[in-house]
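Heads up: the structure comes next, in structure tokens.
Numbering (the working numbering), first residue to last: 5 to 561.
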């Protein structure tokens with residue numbers, strides 16, 4: 005019948021019971037202290053916290069151990085701890101504290117105290133500055149006495165003592181002497197060691213410096229290839245920016261190679277971190293400079309004006325000389341150099357007169373209210389069209405803008421080519437010719453008339469005042485007020501008109517005589533001033549350390 009027994013099932017059954025028995029024997033064989041160590045070790049291996057309920061577990065294990073100790077003794081079964089179980093982690097080292105977190109033994113021995121003392125004393129004898137520290141051990145409690153040079157050495161002694169597993173606690177009774185000679189000697193020895201290491205590393209350091217210099221030199225050489233960068237981009241400012249960027253990249257690459265060669269990669273991280281902090285601080289400090297630099301980049305790309313353009317930027321008028329990485333340089337109409345920051349130029353309003361050479365100017369003239377304004381407009385336009393600098397297209401026009409108390413205001417609008425004509429001179433000459441044409445055709449340009457009326461009482465008061473002053477000072481007054489009553493007199497009006505005509509004729513004759521002089525052509529010449537353009541050309545031709553960002557080959561917006 006045994007032949008029909010399922011042997012695999014029996015083997016598995018026996019194996020399972022054997023494992024159960026082995027586990028029970030392990031649990032019953034260990035003491036409460038060993039059981040608690042196993043539980044804490046298993047919990048540490050599994051990443052679990054066992055701070056709560058440890059005392060309960062120890063008590064239960066102790067009870068089980070006492071209950072089963074007789075059976076184990078009678079059977080003569082002894083068990084050993086399983087080596088496969090995880091061992092408890094070593095006690096942590098806590099800086100600045102003198103308490104060891106290892107488990108405290110129940111039955112310490114004097115031999116073990118002596119071993120602890122000898123071990124600590126041997127360690128201290130090999131460490132500079134701890135030879136004067138005395139060690140005494142009683143019941144696992146270590147007492148440190150003696151002297152150390154400073155607090156750092158005392159803490160080192162305490163930390164080393166806490167690392168021994170059989171130490172219960174450490175009593176710190178070390179005297180910190182703070183002796184100047186000992187502390188200075190320690191620092192001196194450290195500096196001496198560093199200098200010695202530096203001398204040993206000099207060959208490697210020199211190789212690193214040579215590699216950094218070679219890579220940085222190559223980056224500088226590549227950055228100075230202006231023609232190569234200009235072939236990459238026609239914009240001079242962008243080309244310069246790319247060349248400088250390449251130079252910086254090679255310098256950083258050389259620095260990384262040099263530091264890697266001498267094994268100082270951590271210094272690079274420190275430098276980059278410090279550079280980041282410094283960069284943020286510098287960025288806030290030079291915010292306007294960075295804004296100006298970015299504006300220069302945008303202006304060089306967009307090219308809103310060219311050299312020799314007549315422009316107005318936020319009310320500042322002048323002729324463009326050059327555009328640099330910091331400012332736009334203009335030559336004012338007074339012949340002075342004007343520098344405007346590029347940030348202001350980029351954000352400002354730009355009026356370019358040269359972009360469209362056709363420009364219009366306006367002026368107003370008033371005629372008598374009794375005259376026909378349309379007839380006056382025709383006379384004025386006929387005189388304007390006779391001027392050579394006036395354009396036929398767009399055509400000059402005139403409109404009535406206002407009817408005043410004693411005149412009618414006419415506005416004339418005239419177009420000229422400002423690339424060939426001085427705008428201010430053309431406007432001046434046009435006003436003169438229009439005024440003369442209207443006067444020659446009998447149109448009067450009335451002046452403001454003010455009429456003062458006094459009543460009889462006020463006139464008598466003035467007479468009485470005049471006589472009183474004359475009698476007191478015996479001085480004949482130059483002012484006499486004679487009451488007059490205006491009466492209409494046609495002959496008087498004709499005589500006044502005749503006087504005005506005579507005055508106008510005399511003024512025209514005088515002007516004709518004056519304008520026949522040798523310098524009269526300069527007054528009547530409406531061409532642009534050559535002297536101003538000569539100064540502009542001199543400024544443009546003048547060499548400068550700053551690169552001109554204006555380029556006729558770049559596209560203009």
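All C-beta atoms in this analysis are idealised placements derived from N, C-alpha and C, irrespective of residue type, glycine included.
Query                                                                                                                                                                                            : Result
At what residue ranges does the segment 109-149 contain a whole run of the alpha helix (DSSP H), taking only runs of 4 or more?                                                                  : 114-129
Straight-line CA distance for residue 510 to residue 527?                                                                                                                                        : 21 Å
Between which two residues does the beta strand (DSSP E) holding residue 374 run?                                                                                                                : Element bounds for residue 374: n/a, residue is neither H nor E.
Per DSSP, what are the beta-bridge partners of residue 331 in this structure?                                                                                                                    : 345
Evaluate the contact criterion for the segment 218-234 versus the segment 540-553: three or more CB pairs, one atom per stretch, below 8 Å.                                                      : no
Mind listing, in chain order, the continuous alpha helix (DSSP H) runs of no fewer than 4 residues lying wholly within the segment 230-285?                                                      : 230-236 and 240-265
Buried or exposed, going by whether 16 or more other CB atoms sit within 10 Å of the CB of residue 375?                                                                                          : buried
Counting only the same chain and skipping the five closest in sequence on each side, list residues whose C-beta sits under 7 Å from that of residue 251.                                         : 223, 224 and 227
Compare the Cα-Cα distances from residue 262 to each of 114, 386 and 208 and report the closest residue.                                                                                         : 208
Report the start-end ranges of each alpha helix (DSSP H) in the segment 173-220 that is 4 residues or longer and not cut off at the edges.                                                       : 184-204
Where does residue 364 sit, in a helix, a strand or coil, going by DSSP?                                                                                                                         : strand
Please state if the CB of residue 554 and the CB of residue 310 are separated by a distance shorter than 8 Å.                                                                                    : yes
Checking 8 Å against the spacing of the C-beta atoms, do residue 333 and residue 325 come in under that value?                                                                                   : yes
Quick one: give me the first and last residue of the alpha helix (DSSP H) that residue 164 is part of.                                                                                           : 155-166
Applying the 10 Å Cβ sphere with the 16-neighbour rule, what's the burial state of residue 560?                                                                                                  : exposed
For residue 529, which residues from the same chain have a beta carbon less than 8 Å from its beta carbon, with the 5 sequence-adjacent residues on both sides left out?                         : 429
Identify, in the order they occur along the chain, each residue of the same chain with its Cβ nearer than 8 Å to the Cβ of residue 287, setting aside the five sequence neighbours on each side. : 294
Would you give the residue range spanned by the beta strand (DSSP E) that residue 411 belongs to?                                                                                                : 411-421
Around the C-beta of residue 335, are 16 or more other C-beta atoms found within 10 angstroms, so that it is buried, or is it exposed?                                                           : buried
Using the beta-carbon count (16 or more within 10 Å), is residue 139 buried or exposed?                                                                                                          : buried
Using a Cβ distance threshold of 8 Å, determine whether the segment 164-172 contacts the segment 191-209, with at least three qualifying pairs required.                                         : no
According to DSSP, is residue 369 helix, strand or coil?                                                                                                                                         : strand
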